[in-house]
Amino acid sequence: MTLQDLSLYSSEKIYYSYRLGGLGSRFIGLLLDSLILGVAYLVLGGFTAAMVGVFGEVLSEKLIIVVVAVVVILYFLLSFGYFIFFETIWNGQTPGKKAAGLRVVRRTGEAVTFGSVFVRNLMRIVDALPAGNAAGMIAIFFSENRQRVGDMVADTIVVREKNLSEPVIFESFAVDSEMGNRLRAYLHLVDERDFNLIRDFFARVPEMRPEAANAAAEKIARGLAGKLGLPKGETINPAVFMKTIGSMYRER
Amino acid sequence: MNSQKFIQLNRDTWTRFRGILDQIDKKGAASLSRSDLEDVGPLFRRVTAHLAYAQTNYPDTDVVNYLNQLVARAHSSLYRTETASVRSLLNFYSKGFPGLIYRYRKYVIAASLILALSAAWGALLNHTGSSLAVLALPEEIREAVKQNFAEGNTGARIEDSLKPLFSSAIMVNNITVSFYCLVLGITWGVGTVFILVRNGLLLGALADIFAGAQQGLEFWSLILPHGIAELFAIALNGAAGLMIAGAVVRPGDFTRRDALKLKAIPAMKISLGSIPILMAAAAIEGFITPVNIPPQAKLGFAALTGLLLGYYVYSGSRKQRRGEDDIAGPVSL
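Protein chains in written order, with the working numbering: chain X, -8 to 243; chain Y, 846 to 1178.
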């Protein structure tokens, strides 16, 4: 658990943790949402201008004014309603938040409610004070759970939702039986963390540059050999050494 | 069991659960098939059990991170505390909202007093010709009003075609001001009180000008038909702002943070509840106030809106005393 995590105790009586969204990712989310809103304003403004400019002489003045009246209301709905609408129907996400991998949840880990979404977004007025979202940024930086003022009042947090890939399994390799026999006595010293390291390494090797992979393999193998108290010479070929240990642990 | 066997044994369960979560995210829980729906609860509990097992036996490994992410994601989309519906909305306006107003009547009264006192202050400033009167009423407005009087033009005769625009602009403005009233409560109430006082001063000063020009009846017939509802809604939002301010200024036994969370719920509900009142007021202001009928008829209409609102709040007080605790309404926090 790091400082940026929030650990919660679920109704199933287990601990699980959320990764909190920091200033950076939240800035990206807000930027994207602002861009979308900006485009929407442009479309709305362009539509109004087109109605008044192009059809101004064709349509009656009365109709034009009705159009403008509706546009005023639409503008209001857009500026106040964009975040509230999306966070309500998309369970705490807006298009920008989705792209930045963020989601708003209640501080207790449940889905947000309309009420909390409404409050946290109205409070943007306060978070924007005195200029450039300064209050909100300071609050996010200093608060325990990375909350801006709106989050504190609505009791919500913004969590990062990274879609982790499924845990890999260790492929079965042909074991060097001679080395295997020598290592068997040390196998009880290998634990899950070591196994995880080996498994992780072989899962990533295809994406690594060969030199980097060799260097990493040597480092891991040497550390492991040191831990097990193996005589020097076992790690002459780090990859084979790790494959052997991994395969034997896997079958244990 | 080592983690390799653990993963091989349970991988299918996790994949299936993840697929269901993806579907909930994309198309909503209603799109789940019957068997998926029946399995989602047991699957979730099984995955949480797997997480607990992995946390104990394989700490700090990929499996734990993966399972943790699955559980966290599922938790925030499976556990919900409310489902919004039309019926709960109706329930809120028929019972919850008036009940809330009655329960927090002290704040509503306080906000109304601030409005009324500052209106009296504005009238007094204007009446005595104090140099401070510009605070209440900017010089340009005063000049415009005087000029209109000179032209024998007292009413707000809005051109018919302009009415929709007028109405929607007023509505947007009033709702925005209301939101500021609520939100600025967090500035220890300074912002909320400032908005209330400014509106009160303006109202008082204008009333005094019209009274001075022997146009009192005309003025009230222009203000009150929509004004009663509008002032009521502003007092409500002032009250909501004061509730937030109260939590910050005087949290009592709670920490400021907890007090804020507790008070923010009813304050937000009161503010949300006032939106339809503001919408109605704006419609009246745009379409009924400028109609060319005798001032007395307009005052009659104003009295009617007052009676209706009074009865609405009274119905809330009755339900409160009968002990119907329907305050919850549709929007819980």
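All residues carry an ideal CB built from backbone N, CA and C; glycine is no exception. Just so we're clear, the structure is a prediction, and the values are computed from it rather than from any experiment.
Taking DSSP as the reference, what is the three-state secondary structure of X/R10? For X/R10, the secondary structure class from DSSP, reduced to helix, strand or coil, is strand.
The segment 1093 to 1106 of chain Y: positions lying closer than 8 Å to chain X by Cβ: Going along the segment 1093 to 1106 of chain Y in chain order, one finds R1102, L1105, K1106 with a Cβ nearer than 8 Å to chain X.
According to a CB-to-CB cut-off of less than 8 Å, which residues of the segment 892 to 918 of chain Y neighbour chain C? As a matter of chain content, chain C is missing from the structure shown, whose protein chains are X and Y.
Between the beta-carbon of Y/A981 and the beta-carbon of Y/L970, is there less than 8 Å? Closer than 8 Å, so yes.
Taking Cβ-Cβ distances shorter than 9 Å, what residues in chain X pair up with Y/F1024? Per Cβ cutoff of 9 Å: F71, L113, I116.
What do you get for Y/G1161, buried or exposed, if any count of 16 or more other CB atoms within 10 angstroms of its CB means buried? Taking all protein chains in view, the Cβ of Y/G1161 is crowded by 16 or more other Cβ atoms within 10 Å, so the residue is classified as buried.
Beta-carbon proximity of X/V62 to X/L28, cut-off 8 Å: At least 8 Å separates the beta-carbon of X/V62 from that of X/L28.
Nearest CA to the CA of Y/K951: which residue from Y/G1057, Y/D884, Y/L1087, Y/V1035? Residue Y/L1087 is the option with its Cα nearest to Y/K951.
How would you call Y/T973, buried or exposed, if buried means at least 16 neighbouring beta carbons within 10 angstroms? So Y/T973 ends up on the exposed side.
From the DSSP output, read off the bridge partner residues of X/R97. For X/R97, the beta-bridge partners assigned by DSSP are X/T147.
Within 10 angstroms of the Cβ of Y/P1070, are there 16 or more other Cβ atoms? Answer buried if so, exposed if not. Classification for Y/P1070: buried.
Within 8 Å of any Cβ in chain X, is that where the Cβ of Y/S876 sits? Not closer than 8 Å to any Cβ of chain X, the Cβ of Y/S876 fails to qualify, so no.
Is X/S(-2) helix, strand or coil when you go by DSSP? Judged by DSSP in its simplified three-state form, X/S(-2) adopts strand.
Inter-residue spacing [alpha-carbon to alpha-carbon] between X/I129 and X/I236: One C-alpha to the other measures close to 50 Å.
Taking only three categories from DSSP, how would you classify X/A102? Of the three classes helix, strand and coil, the one that applies to X/A102 here is strand, per DSSP.
Would X/R98 and X/D146 be called neighbours here (beta carbons separated by less than 8 Å)? For the 8 Å CB-CB criterion, X/R98 and X/D146 form a contact.
Any residues in the segment 153 to 172 of chain X with a beta carbon nearer than 9 Å to a beta carbon of chain Y? Which ones, in chain order? Of all residues in the segment 153 to 172 of chain X, K153, N154, L155, S156, E157, P158, V159, I160, F161 have a Cβ within less than 9 Å of some Cβ in chain Y.
Is there at least one Cβ from chain X nearer than 8 Å to Y/P983's Cβ? With a threshold of 8 Å between beta carbons, Y/P983 makes no contact with chain X.
Comparing the C-beta of Y/S933 with each C-beta of chain X, is any distance below 8 Å? No, no contact with chain X.
Rounded C-alpha distance that separates X/L68 from Y/K1008: Answer to the nearest angstrom: the Cα atoms are 20 Å apart.
Does the distance from the C-beta atom of Y/V1028 to that of X/V117 stay below 8 Å? In this structure, X/V117 lies closer than 8 Å to Y/V1028 by Cβ.
Is Y/T1032 helix, strand or coil by DSSP? Y/T1032 sits in coil when the DSSP states are folded into three classes, being neither helix nor strand.
Beta-carbon separation of Y/I1089 and Y/I946 under 8 Å? Going by C-beta atoms, Y/I1089 is not nearer than 8 Å to Y/I946.
Near X/T85, what residues of its chain come up, given a Cβ to Cβ distance below 8 Å and the 5 sequence neighbours on each side ignored? These residues qualify, in order along the chain: G20, D24, Y73, F74, F77, E78.
As assigned by DSSP and simplified to three states, the class of Y/I1133: For Y/I1133, the three-state secondary structure derived from DSSP is coil.
Would you mind reading off the limits of the alpha helix (DSSP H) that contains X/T79? It spans 52 to 80 - the alpha helix (DSSP H) in which X/T79 sits, taken as one unbroken run.
Euclidean distance between Cα positions of X/I131 and X/Q138: For X/I131 and X/Q138, the gap between their C-alpha atoms comes out near 5 Å.
Quick test of your reading: Y/G967 and Y/L1047, contact by CB under 8 Å. State the CB separation rounded to the nearest angstrom. The Cβ separation is near 7 Å, so the contact holds.
May I ask you to report which of helix, strand or coil DSSP gives X/V166? Note: X/V166 maps to coil in three-state DSSP.
Might you give, ordered along the chain, the residues of its own chain that have their beta carbon closer than 6 Å to the beta carbon of Y/F851, omitting 5 neighbours on each side? Once the five neighbours on either side are set aside, Y/F851 has no close Cβ partner at all.
Could you give the first and the last residue of the continuous alpha helix (DSSP H) run that contains Y/S848? Element bounds for Y/S848: 848 to 872.
Does any CB atom of chain X fall closer than 8 Å to the CB of Y/N847? For Y/N847, the answer is yes, since a Cβ of chain X falls inside 8 Å of its Cβ.
Can you give me the C-alpha to C-alpha distance between Y/L1067 and Y/T1134, rounded to a whole angstrom? Between the alpha carbons of Y/L1067 and Y/T1134 lies a distance of about 6 Å.
Around the C-beta of Y/G1097, are 16 or more other C-beta atoms found within 10 angstroms, so that it is buried, or is it exposed? It counts as exposed.
Check the Cβ-Cβ distances between Y/F862 and every residue of chain X, and say whether any is below 8 Å. Chain X, which has no Cβ nearer than 8 Å to the Cβ of Y/F862, makes this no.
Buried or exposed by the 16-neighbour rule on C-beta atoms within 10 Å, applied to Y/Q849: Buried.
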